[in-house]
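At position 181 of the sequence shown (counting the first as 1) the number is 274 in the working numbering, and the numbers step up by one without a gap.
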Amino acid sequence: MAGHSKWANIQHRKGRQDEKRGKIWTKLIKEITVAAKLGGGDVATNPRLRLAIDKAKDSNMPNDNVQRAIQRGTGSLEGVNYEEIRYEGYGINGAAVIVDCLTDNRTRTVAEVRHAFNKNGGNMGTEGSVAFLFKHCGQMLFAPGINEDQLMEAALDAGAEDVITHDDGSLEVLTPVPDFPKVQDALSKAGFKAELATIAMRPETEIALEGDQAESMQKLLDALENLDDVQEVFSNVAF
């Protein structure tokens with residue numbers, strides 16, 4: 094939407110995540126464990142594991158932690174059995190929210206997520222209530238100043254689905270989920286390093302919130318992200 098900066102929103106989110114590094118490590122260890130359990134311990138054949146390890150490296154997680162998480166996932170070490178659950182709901186001014194969790198206790202998790210919604214001005218919805226507003230895709234964001242024509246050519250040649258130029262000069266590359274690693278590798282070899290590279294639920298349209306509404310929405314998102322069982326929170330809000 095006009096009037097907000099995609100780049101500023103990403104930087105804002107990264108800054109808030111850096112403040113919670115210890116909690117980020119805990120979430121990444123769980124994701125690595127589950128990825129290894131579902132797809133094996135070889136990053137060459139397990140894109141989800143590779144992405145989780147890349148995020149762990151970006152967060153400066155020691156390699157020993159990464160390897161132990163992989164071993165727990167593949168059964169070499171004893172570990173907790175996690176279940177993947179997604180919750181959907183509404184925030185301030187009807188903003189859409191998706192909450193992805195990994196848990197060993199579904200009853201505890203749903204109670205905590207519902208409490209976070211209710212306490213912070215939101216409410217949980219039913220399955221599918223907001224997911225249709227988002228697209229599951231690979232997403233890479235590049236800083237303003239990148240050569241648009243060169244990035245677009247390299248991305249489309251590698252199999253990207255779309256390249257979007259934002260008003261603030263940042264560039265966003267979208268890929269089908271299975272093609273994400275291939276496109277990321279091709280762009281890296283071409284000299285393009287993404288500031289954000291992830292598999293995401295990307296909102297098809299965004300709602301701009303300002304002032305008190307933006308502050309209230311941020312409190313809701315923080316409350317959800319701070320829950321131990323929550324891995325990712327996606328919303329269609331632009332601050």
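From the three backbone atoms N, C-alpha and C, an ideal C-beta is built for every residue, glycine too.
What you are looking at is a predicted structure, and each value in this text was computed from that prediction instead of being measured.
{"Item": "Should N319 be labelled buried (16 or more other beta-carbon atoms within 10 Å of its own) or exposed?", "Value": "exposed"}
{"Item": "Pairs of beta-carbons, one from the segment 180-190 and one from the segment 305-319, closer than 8 Å: are there three or more?", "Value": "yes"}
{"Item": "Answer with buried or exposed for P123, where buried requires no fewer than 16 other C-beta atoms within 10 angstroms of its C-beta.", "Value": "The question names Pro, but residue 123 in the sequence shown is Lys. With 16 or more other Cβ atoms within 10 Å, it is buried."}
{"Item": "Runs of 3 residues minimum, wholly inside the segment 181-229: which ones carry the beta strand (DSSP E) assignment?", "Value": "189-196"}
{"Item": "Please state whether DSSP places N329 in a helix, a strand or coil.", "Value": "coil"}
{"Item": "Look up T258 in the DSSP assignment and say whether it is helix, strand or coil.", "Value": "strand"}
{"Item": "Per the DSSP calculation, T298 is bridged to which residue(s)?", "Value": "DSSP, once it has assigned bridges, lists no residue as partnering T298."}
{"Item": "Where does G304 fall in DSSP's three states?", "Value": "helix"}
{"Item": "Taking the alpha-carbon positions, what's the T119 to D322 distance?", "Value": "10 Å"}
{"Item": "Can you give the Cα-Cα distance for F225 and L131, rounded to whole angstroms?", "Value": "26 Å"}
{"Item": "Who are the Cβ neighbours of Q306 in its own chain at under 7 Å, not counting the five residues just before and after it?", "Value": "I185 and N186"}
{"Item": "Which stretch, first to last residue, makes up the alpha helix (DSSP H) that contains V266?", "Value": "First-last for V266: L264 to T268, but that is the beta strand (DSSP E), not the alpha helix (DSSP H)."}
{"Item": "Does DSSP classify E288 as helix, strand or coil?", "Value": "coil"}
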